[in-house]
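Notes for the one structure printed next.
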Amino acid sequence: MKNYEASPDLLRGRVILVTGASDGIGRVAATTFAAHGATVILQGRTLAKLEAVYDAIEAAGHPQPAIVTQELSTATVADFQQLADTIEREFGRLDGVLHNAGVLGDITPMEMYDPDTWDFVMRVNLRAPYVMTQALLPLLKQSPDASIVFTTSSVGRRGRAFWGAYAVSKAGIENLSQLLADELRNTSNIRVNCLNPGATRTRMRATAYPGEDPMTVPAPETIMPLYLYLMGPDSRGVSGESLDAQERPPTA
Ligand code: NAP
Numbered sequence: 182m183k184n185y186e187a188s189p190d191l192l193r194g195r196v197i198l199v200t201g202a203s204d205g206i207g208r209v210a211a212t213t214f215a216a217h218g219a220t221v222i223l224q225g226r227t228l229a230k231l232e233a234v235y236d237a238i239e240a241a242g243h244p245q246p247a248i249v250t251q252e253l254s255t256a257t258v259a260d261f262q263q264l265a266d267t268i269e270r271e272f273g274r275l276d277g278v279l280h281n282a283g284v285l286g287d288i289t290p291m292e293m294y295d296p297d298t299w300d301f302v303m304r305v306n307l308r309a310p311y312v313m314t315q316a317l318l319p320l321l322k323q324s325p326d327a328s329i330v331f332t333t334s335s336v337g338r339r340g341r342a343f344w345g346a347y348a349v350s351k352a353g354i355e356n357l358s359q360l361l362a363d364e365l366r367n368t369s370n371i372r373v374n375c376l377n378p379g380a381t382r383t384r385m386r387a388t389a390y391p392g393e394d395p396m397t398v399p400a401p402e403t404i405m406p407l408y409l410y411l412m413g414p415d416s417r418g419v420s421g422e423s424l425d426a427q428e429r430p431p432t433a
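Sequential numbering of the sequence shown, starting at 182, is according to our numbering.
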């Protein structure tokens, strides 16, 4: 799948929301989707960083994007409903959501994990994707070919010492993705999958592994084939899966 080659206009005509589009994997995913023809809604919490992504997409001549600023730890049900209403009013459609925004929290033993940090991580990594998806489902159901992609991590598949709320939130995302895929399979055109980027050169990775030389870790640009595959029509019929962006093709 790492070798998937997307056609240049794979996402033409589609409207795709990317959370955490200001930095790291989300920034590259948003610009990559735009480069393949999508109108991208850039969601994040830091306006200046989102504006820089917006400007880069416009300067490259891709479809004009949009910006939505939201702090995911405090966003309310009403805020997410307002997001859905705005998308409906401005674009009249929504064909994809990449739930990418995430926080690491503390890397520390359970015994010492701070409950407030736990709650913060859970709100950003698990509650926000759940409530946002709930608000966006009516719009997604109107799309002829919609894709929801949640972002997981290897520690969400198998718990690992010291990863605390981050690991638990990602395990929750895996389960949320599965149950939603199951609920929507026979009743809609929406596919729902989890994607594990794998070790990727971003601020989060550098925080989690301070002793690592970032240049030994793949850049976000190298993991985009699977993001494109899941967001575009070639993944029709694939739902309820948890995939790895850096998985080696069977022949490698
Ligand atoms: P990153 O570089 O730290 O970027 C995180 C993004 O999420 C930024 O756009 C950030 O906005 C946004 N964000 C964080 N907290 C937010 C909040 N409270 N409200 C709104 N937006 C918020 O992280 P990344 O490495 O690209 O990670 C992207 C996703 O991949 C995450 O879900 C992460 O768990 C997952 N992942 C990453 C790796 C890896 O090796 N990098 C491995 C496995 C899974 P600001 O720019 O404003 O801070």
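Beta carbons: idealized from backbone N, C-alpha and C, even for Gly.
Environment of residue i [buried if 16+ CB atoms lie within 10 Å]
i: M412; result: buried
i: A259; result: exposed
i: P395; result: exposed
i: M293; result: exposed
i: M313; result: buried
i: M405; result: buried
i: L360; result: exposed
i: M291; result: exposed
i: D276; result: buried
i: S188; result: exposed
i: G418; result: exposed
i: P378; result: buried
i: G207; result: buried
i: N367; result: exposed
i: T267; result: exposed
i: G194; result: exposed
i: L198; result: buried
i: P431; result: Residue placement at P431 is poorly supported in this model, since its pLDDT is 43, which falls under 50; the coordinates still yield a value, given next. Per the 10 Å Cβ criterion, exposed.
i: T383; result: buried
i: G273; result: exposed
i: T381; result: buried
Residue i (DSSP reduced to helix, strand or coil)
i: S324; result: coil
i: G421; result: coil
i: N184; result: coil
i: V302; result: helix
i: Y410; result: helix
i: T518; result: Nothing about residue 518 can be reported from this structure: the residues present for the chain run from 182 to 433 only.
i: A202; result: coil
i: E252; result: coil
i: N367; result: coil
i: Q315; result: helix
i: D394; result: coil
i: E428; result: coil
i: L192; result: coil
i: V284; result: coil
i: A400; result: coil
i: A241; result: coil
i: R341; result: coil
i: P310; result: helix
i: P290; result: coil
i: G236; result: The sequence as given places Asp at residue 236; Gly does not occur at that position. It is helical.
i: T227; result: coil
i: A433; result: Note on A433: pLDDT 33, under 50, position unreliable in the model; the coordinate value appears next. Residue state, collapsed to three classes: coil.
i: T257; result: coil
i: D295; result: coil
Identity of the residues DSSP links to residue i by a beta bridge
i: N374; result: V330
i: A247; result: I222
i: G277; result: I197 and S328
Proximity test, Cβ basis, 8 Å: residue i and chain B
i: C375; result: Absence of chain B from the displayed structure is noted, only one protein chain being present.
Anticipated Cβ contact below 8 Å, residue i with residue j, distance rounded
i: L376; j: Y347; result: Actually they are not in contact, since the Cβ atoms of L376 and Y347 sit about 16 Å apart, beyond 8 Å.
i: K351; j: S334; result: 5 Å
i: F331; j: H280; result: 5 Å
i: A265; j: L320; result: 6 Å
i: Q152; j: P399; result: A question about residue 152 goes unanswered here, because the residues of the chain that appear run from 182 up to 433.
i: E422; j: N374; result: 5 Å
Problem - Contact the stretch 238–252 vs the stretch 294–304: 3+ CB pairs below 8 Å - result: no
Practice task
Please determine if the stretch 197–206 and the stretch 230–241 are in contact, where contact requires at least 3 C-beta pairs separated by less than 8 Å.
Solution key: yes
Practice task
Give a yes or no on contact between the stretch 222–229 and the stretch 332–349, applying the rule of three or more CB pairs nearer than 8 Å.
Solution key: no
Handout entry: Three or more C-beta pairs below 8 Å linking the stretch 256–273 and the stretch 182–195
Key = no
Practice task
Taking 8 Å as the threshold, find out whether the stretch 280–289 comes into contact with the stretch 384–392 through three or more Cβ pairs.
Solution key: yes
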